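Q:
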Amino acid sequence: MTYCILTIALDTPLNSCFDYRWQCAAGAEPLAGQLALVSFGRREVVGLIVAVGTQTDVPAEKLKDALAVRGQLSPLSPAWLALATFAAEYYQRPLGEVALPGLPKNLRVLTTVALDRALKKLAKGTAAAAGDDTAVGTPVLNEAQQLAADAIGGADGFTPILLFGVTGSGKTEVYLQACAQVLARDARAQILILVPEINLTPQLEGNIRARFPGLMLATLHSSLSEGERMLHWLAAHQGQARIILGTRLSILASLPHLRLIVIDEEHDPSYKQQEGLRYSARDLAVWRARQLAIPIVLGSATPSLESWHHAGSGRYRKLELRERAVKDAVLPRVKLLDMEKDRPKDGLTSHLVAALRQRMERGEQSLLFLNRRGYAPVICCEACGWISECTRCTAHMVLHKPEHRLRCHHCSLELRIPRNCPTCGNVDLQPLGRGTQRVEEGLQQLFPEARILRIDADSTRKKGSAQAAFDSVHRGEVDILIGTQMVAKGHDFKKLTLVGILNPDTALFSHDYRASERLFAQLMQVAGRAGRAARNEGGSVSEVLVQTRYASHPLYAAVVKHDYERFAGGLLDERKGAALPPFVYQALLRAEARELAGAIEFLAQARDCLAADGITVHDPIPMTMTRVHNVDRAQLLVESPSRPALQAFLKEWLALLREMKSRVKWSLEVDPLDI
0 MTYCILTIAL
10 DTPLNSCFDY
20 RWQCAAGAEP
30 LAGQLALVSF
40 GRREVVGLIV
50 AVGTQTDVPA
60 EKLKDALAVR
70 GQLSPLSPAW
80 LALATFAAEY
90 YQRPLGEVAL
100 PGLPKNLRVL
110 TTVALDRALK
120 KLAKGTAAAA
130 GDDTAVGTPV
140 LNEAQQLAAD
150 AIGGADGFTP
160 ILLFGVTGSG
170 KTEVYLQACA
180 QVLARDARAQ
190 ILILVPEINL
200 TPQLEGNIRA
210 RFPGLMLATL
220 HSSLSEGERM
230 LHWLAAHQGQ
240 ARIILGTRLS
250 ILASLPHLRL
260 IVIDEEHDPS
270 YKQQEGLRYS
280 ARDLAVWRAR
290 QLAIPIVLGS
300 ATPSLESWHH
310 AGSGRYRKLE
320 LRERAVKDAV
330 LPRVKLLDME
340 KDRPKDGLTS
350 HLVAALRQRM
360 ERGEQSLLFL
370 NRRGYAPVIC
380 CEACGWISEC
390 TRCTAHMVLH
400 KPEHRLRCHH
410 CSLELRIPRN
420 CPTCGNVDLQ
430 PLGRGTQRVE
440 EGLQQLFPEA
450 RILRIDADST
460 RKKGSAQAAF
470 DSVHRGEVDI
480 LIGTQMVAKG
490 HDFKKLTLVG
500 ILNPDTALFS
510 HDYRASERLF
520 AQLMQVAGRA
530 GRAARNEGGS
540 VSEVLVQTRY
550 ASHPLYAAVV
560 KHDYERFAGG
570 LLDERKGAAL
580 PPFVYQALLR
590 AEARELAGAI
600 EFLAQARDCL
610 AADGITVHDP
620 IPMTMTRVHN
630 VDRAQLLVES
640 PSRPALQAFL
650 KEWLALLREM
660 KSRVKWSLEV
670 DPLDI
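Residue numbers for the sequence shown follow numbering that gives the first Met the number 0, so the first one is 0 and each next one is one higher.
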């Protein structure tokens with residue numbers, strides 16, 4: 000028996016790995032990429048072996064023995080370890096905080112016996128589902144679709160492809176037929192398909208299963224139980240699952256035979272993790288494709304400005320789908336309803352009400368889009384000016400009338416609706432503004448005979464409720480659908496011919512320089528839900544009606560013309576002149592404290608502790624949402640026109656910040672989306 004030294008990454012904020020001793024037979028040493036059970040402090044935790052050697056600088060009396068090595072699980076590949084290492088270095092986090100959370104929770108806590116049972120269960124399921132990789136029920140593509148599918152399916156080596164297609168142009172079918180080509184060419188090939196939101200997975204999962212009934216499909220997203228997630232992860236890790244469908248967390252899945260990556264709706268901000276390791280799944284996917292020398296497809300009707308810029312500069316290959324895939328289906332006609340001329344009643348203009356009634360008479364479906372859930376954003380007292388504010392956040396308490404509650408959407412504080420004004424005692428408290436619940440109530444009074452359905456985060460809290468709601472729309476059991484961004488993308492409603500967009504103007508005056516880009520994408524995506532099938536018998540064109548008080552705004556003019564290219568070109572010119580991404584690289588240091596002064600003081604010290612050529616460190620400022628859950632927050636922006644220079648600065652800067660003695664909680668985000 001001999002001893003070896005295992006260097007193990009643990010899920011801790013400490014920026015280092017830890018050495019443990021392991022006794023084993025000669026030639027039977029563990030391998031990098033295996034999991035090991037070790038003692039850390041008073042706990043027993045699972046860590047990832049990143050290196051195996053014979054020497055350590057830890058004194059012999061302090062060197063602990065590893066408790067167990069999970070030898071029955073094949074090691075994570077060197078390519079996967081390289082991905083985790085890159086993510087840790089780029090996003091300036093310890094390796095263990097990247098690698099371990101990327102694994103299923105049960106894999107990190109289960110006993111050896113439980114893991115053996117899971118592997119046996121997976122083996123039985125694989126044997127029962129064994130089949131070939133032949134695609135069935137493949138429809139005929141139009142010329143543009145076929146060219147795109149062949150270009151993707153026949154791509155060799157690292158080939159980043161931007162698939163720019165109008166809504167309803169059949170991008171999903173292009174993905175599926177390109178996948179079929181890759182699978183037919185390589186008997187072991189695995190394909191990773193990412194979608195931005197969980198509620199988009201069931202429809203795409205059904206399409207994949209119908210097209211490839213003989214292949215094992217694994218899904219990875221946070222709605223799975225921990226047991227389900229581990230089984231699906233193991234199927235991908237062992238190469239049994241040939242197609243892996245998931246949300247952003249699936250970019251860290253172990254895929255030993257990965258041959259193609261598809262990022263659907265690549266512009267969506269949901270691909271950026273907003274807590275913990277703040278990574279961009281889209282950006283990591285591009286790096287992973289380059290690392291493995293495989294093609295990657297980024298599909299969207301409204302690409303992110305970063306991807307559009309890369310396509311314009313030749314870094315990405317651009318493929319275009321200019322027409323809708325269904326014969327005789329055309330893009331909807333967009334019309335602006337000037338609310339200064341057509342005054343809305345109960346939030347709806349007379350023109351929109353007439354259009355809704357017309358669709359109901361035809362037996363067609365309508366969608367009202369309002370990206371604000373709840374009944375009203377606030378309740379107020381007209382006598383003294385009191386408004387419902389959260390006591391823990393710099394935010395308003397949102398009225399949720401069906402639940403008889405005021406709710407903060409930031410800290411989840413809930414209060415009963417007051418009977419009278421807490422300031423002056425006035426009993427006549429009024430809701431101010433409209434959310435989806437209030438629009439639903441108004442429609443029920445206006446169209447008592449209509450079948451109305453609301454889909455938002457409040458109405459779909461139970462597991463499976465979102466899919467059940469979407470299924471009822473697809474079956475034609477709904478006349479008017481009211482929804483938030485949950486309904487804006489990815490859904491193919493065959494009978495929907497009218498989209499009404501309510502209250503989009505607030506984004507026009509946001510402090511966030513990305514607000515106009517996001518608003519345009521949102522409007523184009525939700526508009527694309529209309530008219531996806533062929534024209535009805537009357538030959539009427541589907542409509543999108545946008546209620547606005549700023550009908551002359553250039554953004555709305557671009558929406559009316561479905562002119563993404565001109566809009567994106569103008570935004571890129573503005574960004575270049577203002578030295579904003581994608582022409583500059585950013586990092587954001589955030590600080591949290593009980594008092595705002597403490598956070599600002601820490602950031603001021605951070606600003607002054609290091610300077611470097613080509614790096615701009617701005618002054619600390621309070622965050623827009625300054626207080627959340629009784630914690631004050633501030634931020635400090637760092638910029639550079641050079642990504643390598645910024646990375647070098649951040650590495651040295653963080654080392655100094657970790658040495659600063661402060662009770663302030665702080666975190667760093669690279670490539671922030673919200674500033």
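From the three backbone atoms N, C-alpha and C, an ideal C-beta is built for every residue, glycine too. Computed from a prediction, not measured in an experiment: that's the story for all the values here.
With DSSP as the reference, label Thr547 as helix, strand or coil.
A: Note: Thr547 maps to strand in three-state DSSP.
Q: Residues in the same chain with beta-carbon distance under 6 Å from Arg323, minus the five sequence neighbours each way, listed in chain order, please.
A: Cβ within range, chain order: Gly167 and Ser168.
Q: Here's a check: name, in chain order, each residue in its chain whose Cβ is nearer than 8 Å to the Cβ of Gln364, leaving out the five neighbours to either side.
A: If we look at Gln364 and ignore the five residues flanking it on each side, its Cβ neighbours are Arg358, Val472, Gly475, Val477, Asp478, Ile479, Leu480, Phe492, Lys494, Leu495, Thr496 and Leu497.
Q: Excluding the 5 residues flanking Ser541 on each side, which residues of the same chain have their C-beta closer than 6 Å to its C-beta?
A: So the list reads Pro331, Thr496, Ala529 and Gly530, once near-sequence residues are dropped.
Q: Using 8 Å as the threshold, is the stretch 609 to 618 in touch with the stretch 634 to 647, meaning 3 or more CB pairs across them?
A: Short answer: they touch.
Q: In terms of residue numbering, what span does the alpha helix (DSSP H) encompassing Asp341 cover?
A: Asp341 -> no alpha helix (DSSP H), and no H or E assigned at all.
Q: Rounded to whole angstroms, what's the CA-CA distance from Glu536 to Leu366? Just pull it up for me.
A: Confidence is the limiting factor: at Glu536 the pLDDT is only 45, short of 50, which leaves the residue's position unreliable and the question unanswerable from this model.
Q: Below 8 Å CB to CB, which residues in the same chain sit around Met523 once its five sequence neighbours on both sides are set aside?
A: Counting only Cβ-Cβ distances below 8 Å, and skipping sequence neighbours, we find Thr166, Ala300, Thr301, Val558, His561 and Tyr563.
Q: Report the rounded CA-to-CA distance for Ala577 versus Tyr512, giving the unit in angstroms.
A: Using only the alpha carbons, I get a separation of about 10 Å.
Q: Compute the Euclidean distance between the alpha carbons of Arg208 and Lys488, then round it to the nearest angstrom.
A: Going from the Cα of Arg208 to the Cα of Lys488 covers about 21 Å.
Q: Determine the direct distance from the alpha carbon of Lys271 to that of Leu672, and round the result to whole angstroms.
A: Spanning the two alpha carbons is a distance of roughly 8 Å.
Q: From the DSSP secondary-structure annotation, give me the bridge partner or partners of Ile242.
A: Ile242 is bridged to Ile190 and Leu216.
Q: Nearest-angstrom Cα distance between Cys608 and Ala654?
A: If you take the alpha carbons of Cys608 and Ala654, they lie about 11 Å apart.
Q: So, is Lys660 buried or exposed, given that buried needs 16 or more other C-beta atoms within 10 angstroms?
A: Lys660 should be labelled exposed.
Q: What is the DSSP secondary structure of His308, counted as helix, strand or coil?
A: Helix, per DSSP.
Q: In its own chain, which residues sit with a C-beta less than 8 Å from the C-beta of Leu276, not counting the 5 before and 5 after it?
A: Hits under 8 Å: Ala86, Tyr90, Arg92, Glu96, Val97 and Pro100.
Q: According to DSSP, which residues form a beta bridge with His399?
A: DSSP lists Arg404 as partners of His399.
Q: Inspect the beta-carbon positions of Thr55 and Asp18 and report whether they are closer than 7 Å.
A: A contact, by the Cβ cut-off of 7 Å.
Q: DSSP has Phe17 in a bridge; who is on the other side?
A: Answer is Ile7, bridged to Phe17.
Q: Determine the closest residue to Val108 out of His490, Ala35, Val139 and Ser464, with distance taken between C-alpha atoms.
A: Ranking the options by Cα distance to Val108, first place goes to Ala35.
Q: Does Lys61 pass the burial test, meaning 16 or more other C-beta atoms within 10 Å, or should it be called exposed?
A: So Lys61 counts as exposed.
Q: Please state the DSSP three-state secondary structure of Tyr2.
A: If DSSP states are grouped into helix, strand and coil, Tyr2 belongs with the strands.
Q: Taking a contact to mean a Cβ-Cβ separation below 7 Å, would you say Thr246 touches Gln546 in this structure?
A: Their beta carbons are not under 7 Å apart, which means Thr246 does not touch Gln546 by this criterion.
Q: Which same chain residues end up closer than 6 Å to Arg433 when comparing Cβ atoms and leaving out the 5 residues on each side of it in sequence?
A: Around Arg433: Gly346.
Q: Compute the Euclidean distance between the alpha carbons of Leu283 and Leu257, then round it to the nearest angstrom.
A: Roughly 14 Å between the two C-alpha positions.
Q: Compute the beta-carbon to beta-carbon distance between Leu82 and Arg228, rounded to the nearest angstrom, for a pair I have assumed lies under 8 Å.
A: Not really, about 19 Å apart at Cβ, beyond 8 Å.
Q: Under the three-state reduction of DSSP, which class applies to Glu536: helix, strand or coil?
A: In this prediction, Glu536 has a pLDDT of 45, which is less than 50 and means its spatial position is unreliable; what the coordinates show is noted afterwards. The answer is coil: DSSP assigns Glu536 none of H, G, I, E or B.
Q: Would you identify the three-state DSSP class for Gly576, choosing helix, strand or coil?
A: Gly576 falls in the helix class under three-state DSSP.
Q: Which of the three DSSP states, helix, strand or coil, is assigned to Val57?
A: DSSP places Val57 in coil when its eight states are reduced to three.
Q: From the DSSP output, read off the bridge partner residues of Asp679.
A: The chain is shown only over 0 to 674; residue 679 falls outside these bounds and no answer can be derived.
Q: Residues bridged to Lys317 by DSSP?
A: In DSSP, Lys317 forms a bridge with Leu161.
Q: Looking only at its own chain, which residues have a Cβ that is under 7 Å from the Cβ of Ser676, when we skip the five neighbours before and after it?
A: Residue 676 lies beyond the stretch modelled for the chain, which goes from 0 to 674, so this question has no answer here.
Q: Quick check on the burial criterion: 16 or more other C-beta atoms within 10 angstroms. Buried or exposed for Gln273?
A: It is exposed - the Cβ of Gln273 has fewer than 16 other Cβ atoms within 10 Å.
Q: Excluding sequence positions up to five away, which residues of its chain have a Cβ less than 8 Å from the Cβ of Arg657?
A: Counting only Cβ-Cβ distances below 8 Å, and skipping sequence neighbours, we find Asn14.
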